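Asker:
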Amino acid sequence: MIQKPKGTYDITGDMGNKVRYVEHVFSALMDRYHYDYIATPLFENSSLFHRGVGDSTDIVRKETYDFTDRGGRAMTLRPEGTAGVVRSYIENKMYGDINLPKKLWYFGSMFRYERPQAGRFREFRQLGVEVFGSSDPMMDAEIISIPVNFLRLLGLKGVKVHINSLGDKESRDAYREALKAYFEPHLEELCSDCKERFHTNPLRILDCKVDHEKDIMKQAPKMEDYLNDVSKDHFNKVQEYLDALNIEYTVNPNLVRGLDYYTHTVFEVEASVEGFGSQNVLCGGGRYDRLVEMLDGPSTPAVGFAIGMERLITALEYENLSFGEEKQLDVYVIPVTSEDKEYAFGLGNALRLSGFTVEIDSLNRSMKSNFKQADRYHAHFVMIIGETERNDSILTLKNNHTKEEFKVTIDQLIDFLDEHLSSCDCDDCHE
RNA sequence: GCGAGAUUGGUGAAGGGGUUAACACGGCGGAUUGUGGUUCCGUUAUGCAAGGGUUCGAAUCCCUUAUCUCGCCCCA
-17 MIQKPKGTYD
-7 ITGDMGNKVR
3 YVEHVFSALM
13 DRYHYDYIAT
23 PLFENSSLFH
33 RGVGDSTDIV
43 RKETYDFTDR
53 GGRAMTLRPE
63 GTAGVVRSYI
73 ENKMYGDINL
83 PKKLWYFGSM
93 FRYERPQAGR
103 FREFRQLGVE
113 VFGSSDPMMD
123 AEIISIPVNF
133 LRLLGLKGVK
143 VHINSLGDKE
153 SRDAYREALK
163 AYFEPHLEEL
173 CSDCKERFHT
183 NPLRILDCKV
193 DHEKDIMKQA
203 PKMEDYLNDV
213 SKDHFNKVQE
223 YLDALNIEYT
233 VNPNLVRGLD
243 YYTHTVFEVE
253 ASVEGFGSQN
263 VLCGGGRYDR
273 LVEMLDGPST
283 PAVGFAIGME
293 RLITALEYEN
303 LSFGEEKQLD
313 VYVIPVTSED
323 KEYAFGLGNA
333 LRLSGFTVEI
343 DSLNRSMKSN
353 FKQADRYHAH
363 FVMIIGETER
373 NDSILTLKNN
383 HTKEEFKVTI
393 DQLIDFLDEH
403 LSSCDCDDCH
413 E
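For the first sequence, the residue numbers in our numbering are -17 to 413.
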């Protein structure tokens, strides 16, 4: 038997409804924010992902799905959403659009070649947003407000924001040098991973889990002391705008992003799901004013975030939150014998065209098992099509909730269903 | 990339070398030949993740591979 590739999963049944619901809520919210939808290719030229990401290039390359196409081109399945959107922004010259800033949202699969474990897959899905062309701190706050409002709309409690500022390039470079100078004499006191990070990515030493409690960490230089006036001002304004929205946030100086193109605001949004631990962090994002330029576009400020779909749905399940209305089956059609199937099929089709949700038995089940099936589907009406109905053009409809049975002529059928489905006061319709 | 534990019908599972793979749910058929959700009866895995090996005999022991779960690493 052929099995699914490691770290992938099939979206079927209930999961399908959950994914569609979450995407729908997000899509409707993005309409209200007046953002445009964008979909970029699932694979791109490898160089898009393997450059512009600074010191962590080796790590990035190790975990991407790379392949050579038949034309000998190096291709990579996208490991995240931002790079492709930036590429599209540049290639389609969106910076010349009359509607600026350019505000975009996306939803789709991302691919990382990692060992699967709790909440982590090789193909996973992200909802994300990118805004180009505004360096206004109000836009940072708007971007932060989107996942906050989204998680609240879905019903999650205790939605909290952690923010930090990495400053502009000047501030960030100064801080990085200060960190290296500080840690250099203490290298031996750090864990082996941090020794590695010292060379590849000194900022990340700050959120090391192993060394977290050590004194050298607590006395390490603070980013805020290295922010220049422009960066400080930007960060303060972001906080003022968050205050204006009554969004609860905490400044976390150890919140960092590894990649070089991040500037100013970085943030994470978490919910408080019982027993969910670190998985409570559902969303991450920040400002990346340098990335467009690094990918050969015009210098353009940008800010965005991404939310992992799988973890989000798991959180909603943990909290027992609703995923919208269940699909209602309006009519279950039972042909009595195979002689009745064509007529039943045609009638069912007509009802579907009139907007009703209809199921027609295609397994030639017995009357008994058809009624059982109609029950399982919670069908509102059962319509029995037999010789009598065909000859007399009078249909037998049974309200499967109240057990009332009706005789209805073909001409009255649609009016009858409209009336009874909208004004039904049986228990099933009022749960 | 490293480590631990799993994988038996549609589903939940029992069985840890001996003949016919328990039990339950579900499904299907019937009692009731156009009216179900209760009850009763019948039936429902030529097969135990895949392949190979040991054995008179393997779901059971060994090897390989795949996938799943949970850690480590990493997390753009």
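Each residue gets a CB set at the ideal place from its N, CA and C atoms; glycine is no exception. As the structure is a computational prediction, the values presented were derived from the model and not from experiment.
Going by the C-beta, is residue 180 closer than 6 Å to any heavy atom of the ligand ADP?
Answerer: For the ligand ADP, the structure offers nothing, since it holds no ligand at all.
Asker: Once DSSP output is grouped into helix, strand and coil, what is the label at residue 108?
Answerer: Within the first sequence, the letter at position 126 stands for residue 108. Secondary structure of residue 108 (DSSP, three-state): strand.
Asker: If you count every other CB in all the chains shown that lies within 10 Å of the CB of residue 328, and 16 or more means buried, which is it?
Answerer: The residue given as residue 328 occupies position 346 in the first sequence. The residue in question, residue 328, is exposed, as its Cβ has fewer than 16 Cβ neighbours within 10 Å.
Asker: Among residues of its own chain, excluding the 5 on either side of residue 416, which ones have a beta-carbon nearer than 7 Å to its beta-carbon?
Answerer: A question about residue 416 goes unanswered here, because the residues of the chain that appear run from -17 up to 413.
Asker: Please specify which runs of the alpha helix (DSSP H), each continuous and at least 4 residues long, are wholly inside the stretch 190 to 271, giving them in chain order.
Answerer: If we require 4 residues or more, the alpha helix (DSSP H) runs fully inside the stretch 190 to 271 come out as 197 to 200, 211 to 226.
Asker: Short of 6 Å in beta carbon distance, which residues of its chain neighbour residue -11, apart from the five on each side in sequence? Order them along the chain.
Answerer: Here residue -11 is taken as the residue at index 7 of the first sequence, counted from 1. Hits under 6 Å: 98, 103, 104.
Asker: How long is the line joining the alpha carbons of residue 318 and residue 368, rounded to whole angstroms?
Answerer: Along the first sequence, one-based indexing puts residue 318 at 336. Along the first sequence, one-based indexing puts residue 368 at 386. The straight-line gap from Cα to Cα measures roughly 5 Å.
Asker: Would you mind stating whether residue 285 and residue 130 have Cβ atoms separated by less than 7 Å?
Answerer: Position 303 of the first sequence, counted from the first residue, corresponds to residue 285. Position 148 of the first sequence, counted from the first residue, corresponds to residue 130. Taking 7 Å as the Cβ cut-off, residue 285 and residue 130 do not qualify as a contacting pair.
Asker: Whole angstroms is fine: what's the gap from residue 150's alpha carbon to residue 126's?
Answerer: As a position in the first sequence, residue 150 is number 168, starting the count at 1. As a position in the first sequence, residue 126 is number 144, starting the count at 1. Using only the alpha carbons, I get a separation of about 19 Å.
Asker: Are the beta-carbon atoms of residue 288 and residue 63 separated by less than 7 Å?
Answerer: Indexing the first sequence from 1 puts residue 288 at position 306. Indexing the first sequence from 1 puts residue 63 at position 81. Yes, the pair counts as a contact, with Cβ atoms nearer than the cut-off.
Asker: From the DSSP output, in three-state form, read off residue 398 for me.
Answerer: Counting from one through the first sequence, the residue named residue 398 turns up at place 416. Correct three-state label for residue 398: helix.
Asker: Taking the alpha helix (DSSP H) that residue 120 falls in, what are its first and last residues?
Answerer: The residue given as residue 120 occupies position 138 in the first sequence. That run of the alpha helix (DSSP H) goes 119 to 135.
Asker: Judging by CA-CA distance, which residue of 295, 311, 310, 312 is the nearest neighbour of residue 304?
Answerer: The residue labelled residue 304 in the question sits at position 322 within the first sequence. Checked all of 295, 311, 310, 312; the closest Cα to residue 304 is 295.
Asker: Grouping DSSP H, G and I as helix and E and B as strand, with all else coil, what is residue 355?
Answerer: For the purposes of this step, residue 355 is taken as residue 373 along the first sequence, with counting starting at 1. Looking at residue 355 - three-state DSSP - the assignment turns out to be helix.
Asker: Please classify residue -8 as buried or exposed, where buried requires at least 16 neighbouring CB atoms within 10 angstroms.
Answerer: Working through the first sequence from its first residue, we reach residue -8 at position 10. Per the 10 Å Cβ criterion, exposed.
Asker: Using 7 Å as the threshold, is the C-beta distance between residue 123 and residue 223 below it?
Answerer: Translated into positions along the first sequence, residue 123 becomes position 141. Translated into positions along the first sequence, residue 223 becomes position 241. Cβ distance < 7 Å, so residue 123 and residue 223 count as in contact.
Asker: Do the stretch 298 to 316 and the stretch 340 to 357 touch if we need at least three Cβ pairs shorter than 8 Å?
Answerer: The stretch 298 to 316, when compared against the stretch 340 to 357, does touch it at the 8 Å Cβ threshold.
Asker: Output the distance between the C-alpha atoms of residue 396 and residue 247, rounded to the nearest integer angstrom.
Answerer: On the first sequence, residue 396 is found 414 positions in, with the first residue counted as 1. On the first sequence, residue 247 is found 265 positions in, with the first residue counted as 1. One C-alpha to the other measures close to 57 Å.
Asker: Output needed for residue 403: all residues of its chain with C-beta closer than 7 Å, excluding positions within five of it in sequence on either side, in chain order.
Answerer: Within the first sequence, residue 403 is the residue found at index 421, counting from 1. The residues are 312, 362.
Asker: Using DSSP bridges, identify the partner residues of residue -1.
Answerer: Numbered from its first residue, the first sequence carries residue -1 at position 17. DSSP lists no partner for residue -1.
Asker: Tell me which residue opens and which closes the alpha helix (DSSP H) that residue 71 is part of.
Answerer: For the purposes of this step, residue 71 is taken as residue 89 along the first sequence, with counting starting at 1. 64 to 73 is the span of the alpha helix (DSSP H), which, as asked, contains residue 71.
Asker: Quick one: using the 10 Å Cβ neighbour count with 16 as the cut-off for buried, is residue 233 buried or exposed?
Answerer: The sequence position of residue 233 within the first sequence is 251, counting from 1. With fewer than 16 Cβ atoms within 10 Å of its Cβ, residue 233 is classed as exposed.
Asker: Take residue 168 and list the residues in its own chain whose beta-carbon comes closer than 7 Å to its own, dropping the five residues that flank it on each side.
Answerer: Numbered from its first residue, the first sequence carries residue 168 at position 186. Here the set comprises 198.
Asker: Can you find at least 3 beta carbon pairs, one from the stretch 57 to 75 and one from the stretch 19 to 31, that sit closer than 8 Å?
Answerer: Two segments are said to touch when three or more pairs of C-beta atoms, one from each, lie closer than 8 Å; by this definition the stretch 57 to 75 touches the stretch 19 to 31.
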